[in-house]
Structure formats: structure tokens, C-alpha cells
Amino acid sequence: MTRTKEFVKNTAGRLVPAFINGRPAIPYMGVGKYRPQGRKAAPAIASCADYPADGNKIVPDLKSALIKAGIRDGMTISTHHHFRNGDLVANQIFDAAAEIGVKDLIWFPSASFPCHAPILRHLESGVVHHIEGSMNGPLGDYCSAGKMRGTAVLRSHGGRYQAVQDGEVHIDIAVIAAPTADAFGNANGVMGPSACGLLGFALADSQYADKVIIVTDNLVPFPCIPWQIHGNYVDMVVVMDKIGEPSKIVSGTTEITRSPDRLLIAELAARFVKDAGILKDGFSFQAGAGGTSLSFAIFLRDLMKEMGVKARFVRGGSNQYLVQMLEEGLIDYILDGQTFDLEGVRSMRENPRHVNTSPFTSYNYHGKGNFSSLVDVVVLGATEVDVHFNANVVTHSDGRLLHGIGGWQNCLFSKCTILPIPSFRDRIPVIVDEVTTLCGPGELIDVIVTERGIAINPLRQDLIDATRHSSLPIRSLQEIKAEVEEICGGKPQRPQLGPKVVAVVKWVDGTVLDSIYQVQTLT
Amino acid sequence: MNLSAEAGRKGPDIRSDCWIKITLTNSGGIQFEKESKVNALYGAAIDELIVTGLTFFEIEHAQIELIDSGALPFVIMARLETAVRRLKKDRGKQWLPELKEFCRYETTRDRFRRSRLYLPGNEPKFMINAGLHKPDGIILDLEDSVAPGEKDAAQCLVRNALRQLNFYGAERMVRINQIPRGLEDLIYLIPHHVHTILIPKCETAEQVHAVADAVDKIRIEHHLSAPIFFMPIIESALGAINAYPIATASANNVALAIGLEDYTADIGTQRTSEGRESFWARCQIVNAARAAGIQPIDTVFSDVTDMDGLRQSVLEARALGFDGKGCIHPRQIPVIHEAFAPTQEEIDKARKIVLAFEAAQSQGLSVVSLGSKMIDPPVVKRAQRTIQLAIDSGKLASNWRQGGAAYDQN
Chain A
124 MTRTKEFVKN TAGRLVPAFI NGRPAIPYMG VGKYRPQGRK AAPAIASCAD
174 YPADGNKIVP DLKSALIKAG IRDGMTISTH HHFRNGDLVA NQIFDAAAEI
224 GVKDLIWFPS ASFPCHAPIL RHLESGVVHH IEGSMNGPLG DYCSAGKMRG
274 TAVLRSHGGR YQAVQDGEVH IDIAVIAAPT ADAFGNANGV MGPSACGLLG
324 FALADSQYAD KVIIVTDNLV PFPCIPWQIH GNYVDMVVVM DKIGEPSKIV
374 SGTTEITRSP DRLLIAELAA RFVKDAGILK DGFSFQAGAG GTSLSFAIFL
424 RDLMKEMGVK ARFVRGGSNQ YLVQMLEEGL IDYILDGQTF DLEGVRSMRE
474 NPRHVNTSPF TSYNYHGKGN FSSLVDVVVL GATEVDVHFN ANVVTHSDGR
524 LLHGIGGWQN CLFSKCTILP IPSFRDRIPV IVDEVTTLCG PGELIDVIVT
574 ERGIAINPLR QDLIDATRHS SLPIRSLQEI KAEVEEICGG KPQRPQLGPK
624 VVAVVKWVDG TVLDSIYQVQ TLT
Chain B
32 MNLSAEAGRK GPDIRSDCWI KITLTNSGGI QFEKESKVNA LYGAAIDELI
82 VTGLTFFEIE HAQIELIDSG ALPFVIMARL ETAVRRLKKD RGKQWLPELK
132 EFCRYETTRD RFRRSRLYLP GNEPKFMINA GLHKPDGIIL DLEDSVAPGE
182 KDAAQCLVRN ALRQLNFYGA ERMVRINQIP RGLEDLIYLI PHHVHTILIP
232 KCETAEQVHA VADAVDKIRI EHHLSAPIFF MPIIESALGA INAYPIATAS
282 ANNVALAIGL EDYTADIGTQ RTSEGRESFW ARCQIVNAAR AAGIQPIDTV
332 FSDVTDMDGL RQSVLEARAL GFDGKGCIHP RQIPVIHEAF APTQEEIDKA
382 RKIVLAFEAA QSQGLSVVSL GSKMIDPPVV KRAQRTIQLA IDSGKLASNW
432 RQGGAAYDQN
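Set out below in C-alpha cells:
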């Protein structure tokens, strides 16, 4: 490690800030190398004597709740993203904060969506200092342009849990939108007009925040069953007319792609899983929410039926297709992190084999093991992959913030990580010499499936051997890259970025993997 | 003389294309304004390409506006050339992109033509990856899928695609416009490694002669040695009546196709799923083609969502004697190939015949017999083709003589 005044070069060769938002940061050291010492963080000791004996924690509105929670300048406020682009709560929190007159808040969402564009106003006015969570759309452009005051910190779902557990982030107030709750604060996501399936992304918030506010539009008499969030962690309950737009909670990501190229990629990925010998009775898989991943699951289903093979478990994002496989007996269990459509919500409500999970069980670096490394094969998206199999999932090739990390980094720990991606989009090469932003180290990425061939990481000799006699188009990543550059008209220029670091990408253990620079053309 | 002209397309839904407008001015040199989705990656390359093009066409004073939605260089070149042609400033020159080595492969008269994928000739985004889906033939269409006002644009684009895109072994086909207009398309195609010209709405042998003569003239001018094949498409009552003279009109005819959409309209009826109305015409095409020794090819199946319907339609075409089917979506290709693949029974029989033929040859016998039956040469030829088709469809290993099983069982 070479240390300059402001930047440190980490083990991945990336220059990262030595201090982030005024606090010292630890540069990335390699996969599984960093082990923080000490004890986990904990909220203040509570006493039940301070809470109403009749269990009624209802306060009249969000503003009163925030005041009662002691909101002050500089506090960290957290929210979850189970409502995706249909969330109606986060914007109201900061509107209320503005009315109260506090400033310099840090918003710590598990992800933000285009529906959160109104928060730009609060960033400009100073109510919100910065966002620690994924950003895209208008918020992403605001941050990419270098207009946000602090440095954005992008974490995986597991990294968010890790940061809360090891004390890197202390949540002052957690606001948890809950589709169904009782006055005691027990809550779930499977029932009510805004049902979103589960509330796993808010679990850490409920357990570690100083103050926890449940916001619901479906108050039921005690007990609210099932209680995905325990009322014993909850300080207050606010009832509103409407907390989410149901049609946007289950957004368009569950459409199967009709693009012939993406279908081809998905089919090649499924055939690879078969030819590599992964597709056997009792196996497990996880596929993301994008169109290609959905189609992968459908091709895999057909191969499973053809071969008479069943999966022991599937990690969700669940959707109607996984639910159908569960109900047909092709899958024993869905271990679900988030539901992507109403069929997923229904199944989780009705089927005991469709189980809600959280980043704690599946992704957390400070857990005593976690589920993601038990999965036989995972397919994930990426915006860029370089010839060393390093991948980018958060920025566009021109450096703009595009996606959050989500569970992506955590899933890389699966036994076989496959990225089914086009080799270029329009004229934008996806297979490149060096990724714009490093989000996943190449040593964890095993197979790249493109429409122009399949590349296996040279570190995975076992997969290379297993597919030696396959009729699949297996090629080197360099060869695919050369073909893409010939099509696109040469090597792309390096985009002009910087000098300001507008965001950092954390690795799953809390170390700093890469810096994201200002995009000057956006200013 | 026009002062300004534009070409290409722009808008939020446009991908892999660009829009360019050239306004000629009297002085002031070149004023260039651009907006590109890939500016950060290829901005400088785009500037250079535009300057090269303007220099090529000797345009010194003009205002250029470019809105680029991620067009590949060969597309930008075609759009610029089209705008210049529309200004009538091209001086008869064509601005050719480099001919890629991988475009130089040849075709054969007898190759499989089970699937032919139609691609609109003025839509770059569908062309770029079409070859990856492994159709037997790719048709860049200049006829019905191109609006009347965009024929010039499609000529440039199709020509550039023929020089730049890898079709990975698919037969390189172009459907020209109806004769006589289609004759004007040929100069944009013949020197650029096109394999096969589809002649639409063909009604007489003379129309094939006209194409053949025009092609020969261009081949001589450009010193081309590779043959150009023809596939006339019968789409009318008159064409169906003249099927045999059309099928035998040129030694370079390799296939005869039927287009039912126009045919059924021409005989005054509508297409039905049973297809009784076209039964005679389809049989006529099969018999004319077989009599001429070329491949009979069935019409396009145009419902891209109905894969079962497609499978049924191919099986029916195959039963009537057709060797191929048209399609408009890449996902239709594997279904067509599967339905044209020989059955296990057919493969077993063909294996026996081919082995008997080879045994007879090695013993220097002129007569092939299987058991007590004599096998005629056409039957042997058919059996060899069945074996080839079985191998190509993944139903038989290429080393089947050594007892190799089908690929899928490894």
C-alpha cells in the first residue's frame, strides 16, 4: 500500500480516499483479508417501563414522531426500499424534517429510486447533507455532477448490515414503512394494500437504530401475524392513508425479455450450467431481477424438467416463474430476499416453503457464515467486465451512477458466479480493458456469457475441464473483446472524469474498493 | 439544387442509428454540431469519420448536425452518404467502408436453406447480431420492409452491412425491389459479396433474365468470379402458372420460394390457417422446383409468438416437399431447424443406404444393393443429404460411422 496525503492505493490497484466524510477509511485488502476486532455495535439499553403498558405506540403523524424521536442536525435517518419505485414515505420524512427546521441529515436508504427525485430539493436547501446508499436517475446525476456536499457511500445489502453491526454507520432514527402493523409495532410485508412481501432490508435498522418508527396504512389489532419486524424494537407507530403505489412496488423488472440477443445469452448461460455438471438433483441457484436473468430461470426450468432434476432451494428475488416452479415441485424452498411481483407476495403469504430472509442470513460479513456461499450457481448483471474478469455494476461506461450494488457483491460468493451480459450495447463496449468502477474482484467472477461466446475465468480449471467437450462457444475474454472493438470501431476513449471523488464503493467487509469520480459533462 | 438534406432517424426510441442533416453554405468551412450517446467513448472517432466523409464528397462549406443514438461507424457512413445523395452532391461516388475479411466466404448451390431470416434493410439494430442466431440465410430486405422514400437510404445501409457485418456462415441474401425497379439495387449489392438475390413478385422468366443480365454486366465490370445465385419468389397467380419457366430461367437459380400474403390477395381470397386456398400453388412450386432441380422454399411464418403454430406449419411444409421456411424473428430459427430435422427412422434408413453405397464403392461395384433391393443413385443422394441434415441438426454425431452417438448424450 502506498499512502499519499489524501489517497491510498488499495490491493486492487485503485486509488481510494484515506478519509471519507471526515472519518478515516480502510482500503480494500483482498477477498476475506480484513477482520475487524472488538464487539458489535448496540443501541442504547431500553426499559419497557418507558413504553405504554397497553402497547399503544401510535403517534398522530410523521412530523410528531420525528420530533418525539429527538431529530437534530446531522442525524442519520434510514429507510428500506421494499417499495422500490412506489415508495411514498421517504420523501415525506425529509419534507417533515424541513418543516421542523433541521439540517445536514444523512439519508441511509437500502436503495433509492427515481421516485425519490424530490429529495434533490432537500440536498440543495441543506436539509440533507448526503446520501449513503445507491443512487440512479436524477439523484445519481446530481451526485455524479459533483453537487452533493458529502461523499456518497455505496454498499451492498450485506455491506449495509455489516456497517451497522460494526458501528461504521450509526442509525439515529429508522423509519420503516410497513404494509401491515399493529399498534405495538409488530409489522409485516405480506398483507395490506401496499403488500411488498417482506421487510428484510429493514431488519438491521429495527435492531440497531436508537429510535424506530413504523409507518403503516393497514393497522390491525394486536397481534400482527406474522411479525417480520418485532414490535419490541419499535418506539412509535404512525398511521397514514397510503404508504406506497402498489403498481410501482412490483415494477417492470419482472418482464421476460423479448430481445433475441438477450434470450440467446440466457439460453447459453442455462446450457452452460448443464454442461458444467452443476444441474443435478438437490442443486441451488439464484437469478436476479433483470430480463436476462428471468429468461435464464425459464431456460433452466425447461432443462430441469428435461433431465428430471429438482432444486433444493432457490434464493430470491422471487417472481411468478419461481413461484410456479415451487408449486410444480421443481423447487423445495424459496429463500426470498425481496419479492418482485404480486405472485411472489401471494406465495410468501400462503406457502410455508416460501421463506422470508434478510441480509443477515444471506449476505452479512459479520455473520457466522451466510447463505450466499452455499448457492451452487448465481447469475447476475453488470455494466462492464474487464479482461481480468473484474466487473462494474454501479456506473455507466461514461462514469455516471447508474445502479445500486444491491446484493450483487454478496452473491459473488456463490460456488459459480455467471454474468450473462451483452458484449456491447449499441456502440458501448461491455467487455473492456479496465472497468470504469471496480465493484467485484475478478477472482470471484467465474463465467462471462455473451452473445459472442462464453469465457471461463482461468482460475476455474474445474469448470474449464468440465466443459471441455461441450458444444458451447467457449472462448477467451480477450478474443471477445477484440471482436467487440472491431465492431464498435476501435478502442473507446477513456472518459474525462474527476478530479473530485463523488462516491466510493465499499467491499462487503467495509473496506474501500474504488472511487467514483465527478462527471464533468454533467455540471 | 437542394440546399439541405437529412437522413437517418432520431428520437428516444431509436437505437444503433443516427440522424444527420447537411446544409450547404457558400463560405465559412464546416460547422459541425453533434449530440451523441457515446460521446465520452467515441466522440473523437465520430468527428474524424464525418470529416473524412465530407472530404471524400468534396464538401467544403456546410453546416452539419448529427444526433447519434449509438450508431456503428458503417451506419454513420451510410447516413452521411444518403444525405449527400439527397443533395445530389455525390458525383456518382459511393463511400465504402472497409470490406472485412470475414465477409469473403462463399456459398454453394446445394447448401441447406431451411431458415431464411428477413431483416428490414433500413433498420441497423436488427442486422448487427443477426448471424449469431445461426439461420441458414440472412435476407437484408430492400423491398416491402422499406418505406418508398427510404429506398436510397436502405441501399447504402445494406451495402455497408454486406461489407462490415459478420453473418457467421449464413448465406448472404438480399431481397431487391420488384423488377424493373429492383435492377437499380444491384449496383449496391453485386460487388459486395452478396451470395443470393431474392427476386420478389416474380411472374415471368424474362424478369429473371433481366436480373441475370444486369448481374452479369456488373460482374464483368468489377471482375468478379464468384457466382451470384437467384431465388425467385412467386407471389401471384401468373407467377404460379409460370413456375416452371421461372424455375428454369437461369442456371444460377438455386431455389424457388412462395410468398402467400400477396398470392392469396391476388387470387381474391384470404390466408387461412388450414391453407386450402394455397394448396395448389404450394404443390405447383414444389413440383416446378423439383423438376428444375432446385430447392422449393415455403412462405414466411409471421406470428412470432406462436411457436407451436410455427412447428406445425414447418412440419406441413416439409410433408408437402418444401426444403425451407421464411422467418422474421431469430427465436423462430431453432424451431424451424428442429422441425426440418430428419426423424430417427429416416436417419436409420439413410445410414444403412449410405453404408451400403460406401461398401459397394470400396468393392468397385457399380450397383448398390441393400438386402435384396437395388438402390438407385437418387436415393443414395437423398440419404447422404439426410445424414448431413441429421449431423447439422445435432441428431447424429459427425463420426457416426464409428458408432458415435448424438451430441446431446455426452
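Chains A and B, in that order, give the protein sequences.
If you count by the numbering used here, then the first sequence holds residues 124 to 646, one letter each, in order.
If you count by the numbering used here, then the second sequence holds residues 32 to 441, one letter each, in order.
Note that beta-carbon positions come from the ideal geometry of N, C-alpha and C, so glycine has one too.
Please read these numbers as outputs of a predicted model, since none were measured by experiment.
Is any beta-carbon of chain A found at less than 7 Å from that of G200/B?
By this cut-off, G200/B is not an interface position.
So, is the C-beta of G197/A closer than 7 Å to a C-beta in chain D?
Among the protein chains of the structure shown, namely A and B, there is no chain D.
Start and end residues, alpha helix (DSSP H) containing L449/A
Here the alpha helix (DSSP H) through L449/A covers Q443 to E450.
Take F103/A and list the residues in its own chain whose beta-carbon comes closer than 8 Å to its own, dropping the five residues that flank it on each side.
Outside the shown range of chain A, which is 124 to 646, sits residue 103/A, and nothing can be said about it.
Can you tell me whether DSSP reads V411/B as helix, strand or coil?
helix
Is R583/A helix, strand or coil when you go by DSSP?
Coil at R583/A, not helix or strand.
What's the call for G405/A, buried or exposed, on a 16-neighbour Cβ count within 10 Å?
exposed
Do the region 170-181 of chain A and the region 204-214 of chain A meet, that is, are 3 or more Cβ pairs less than 8 Å apart?
The count of Cβ pairs closer than 8 Å, one atom from the region 170-181 of chain A and one from the region 204-214 of chain A, stays below three, leaving the stretches out of contact.
Assuming contact is defined by CB atoms lying nearer than 7 Å, are Q209/B and P179/B in contact in what I supplied?
no
So, at 6 Å on beta carbons, what are the nonlocal neighbours of R126/A in its own chain, with the 5 sequence-adjacent residues on each side left out?
In this prediction, R126/A scores a pLDDT of 42, lower than 50, which makes its location untrustworthy; the coordinate-derived value is nonetheless stated afterwards. Result list for R126/A: empty, nothing under 6 Å.
Host alpha helix (DSSP H) of I610/A (start-end):
L600 to C611
Does R272/A come out as helix, strand or coil in the three-state DSSP assignment?
In the three-state reduction of the DSSP assignment, R272/A falls in the coil class.
So Q616/A contacts chain B; which residues on that side make the cut at Cβ distance below 9 Å?
At a beta-carbon threshold of 9 Å, the residues of chain B lying near Q616/A are A71, L72, Y73, G74, A75 and A76, ordered along the chain.
Does chain B have any CB closer than 7 Å to the CB of G612/A?
yes
What does I554/A touch in chain B if you count any residue whose Cβ is under 8 Å from its own?
Simply none; closest approach about 13 Å.
Cβ of D210/A less than 7 Å from any chain B Cβ?
no
Spatially closest choice to P564/A from E507/A, S257/A, S267/A and A135/A, by CA coordinates:
A135/A
How about H252/A and I229/A: do their beta carbons lie closer than 7 Å?
yes
Using the beta-carbon of each residue, which ones in chain A are nearer than 7 Å to A428/B?
Within 7 Å Cβ-Cβ: nothing; A428/B doesn't reach chain A, min ~11 Å.
Assuming the contact rule is C-beta atoms closer than 8 Å, A319/B and A274/B should be a hit. Round their C-beta distance to whole Å, please.
4 Å
Between V335/B, A348/B and P361/B, which lies nearest to R307/B when the distance is taken from Cα to Cα?
A348/B
If you pair each beta-carbon of the region 78-85 of chain B with each one of the region 50-68 of chain B, do three or more pairs fall below 8 Å?
Segments in contact, yes.
Chain B within 7 Å of I242/A, Cβ atoms only
Not an interface residue.
Segments assigned beta strand (DSSP E), at least 3 residues, entirely inside the region 187-250 of chain A
199-202 and 228-232
Exposure of K119/B, with buried meaning 16 or more beta-carbon neighbours within 10 Å:
exposed
Take the Cβ of E132/B as the centre, count every other Cβ of all protein chains shown within 10 Å, and call the residue buried at 16 or more, exposed below.
It is exposed - the Cβ of E132/B has fewer than 16 other Cβ atoms within 10 Å.
Anything in the region 145-170 of chain B with a Cβ closer than 9 Å to a Cβ of chain A? List those residues in chain order, please.
K156, F157, I159, N160, A161, L163 and H164
Answer with yes or no whether the minimum CB distance from G101/B to chain A is below 7 Å.
Taking 7 Å as the threshold, the shortest C-beta distance from G101/B to chain A falls below it.
Hey, would you say D459/A sits closer than 7 Å to G490/A, going by beta carbons?
no
Let me see if you follow: with CB-CB separation under 7 Å, is I551/A close to chain B or not?
yes
What residues from chain A crowd round K68/B, counting only those whose CB sits closer than 7 Å?
D549
Can the beta-carbon of A410/A be found closer than 7 Å to that of F419/A?
yes
Answer with buried or exposed for I639/A, where buried requires no fewer than 16 other C-beta atoms within 10 angstroms of its C-beta.
buried
Which of helix, strand or coil does DSSP assign to S520/A?
coil
Would you list, in chain order, the members of the region 350-375 of chain B that have their beta-carbon closer than 7 Å to a beta-carbon of chain A?
H360, P361 and R362
Counting pairs of Cβ atoms below 8 Å between the region 362-374 of chain B and the region 151-158 of chain B, do you hit three or more?
no
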